[in-house]
Amino acid sequence: MLLDSSVQNNELACFDLAVCYENGFGVKKNTKKAFLFYSKAILLGEKQSIYEVGRCYYYGIGVNKNLELASVYFDIARLYGIET
């Protein structure tokens, strides 16, 4: 159901699916898919995902570690009032 909603461009479904893939909740753990769904959620307007993508870059979760990009995403998240 979440996958169907994410395909239909639902930002919250994309975020929730990213959390599931990152942690292996109900699906096989896949951090690359988690990163992709967090990124898609950002494009659809889900603000918490901005922080999550920054966290992925900071720790190298599903993507190569990149502290510069992590810092950019954290700065943007703070602009939206999201604690980093």
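To convert, note that position 37 of the sequence shown is 37 in the UniProt record's numbering; the numbers rise steadily by one, no gaps. Where a beta carbon is used, it is the ideal one built from N, C-alpha and C, also for glycine.
Start and end residues, alpha helix (DSSP H) containing residue i
i, result
"glycine 54", "48-59"
When the options are compared against residue i, the one with the closest alpha-carbon
i, options, result
"glycine 54", "Asp75, Ala41, Gly45 and Asn23", "Asp75"
"valine 19", "Tyr58, Ile82, Tyr57 and Lys33", "Lys33"
"alanine 41", "Gln8, Ile61 and Tyr58", "Gln8"
- Message: Closer than 8 angstroms is the cut-off here; do at least three beta carbon pairs connect the segment 34-51 with the segment 8-26?
- Response: yes
- Query: Can you find at least 3 beta carbon pairs, one from the segment 19-37 and one from the segment 67-74, that sit closer than 8 angstroms?
  - Reply: no
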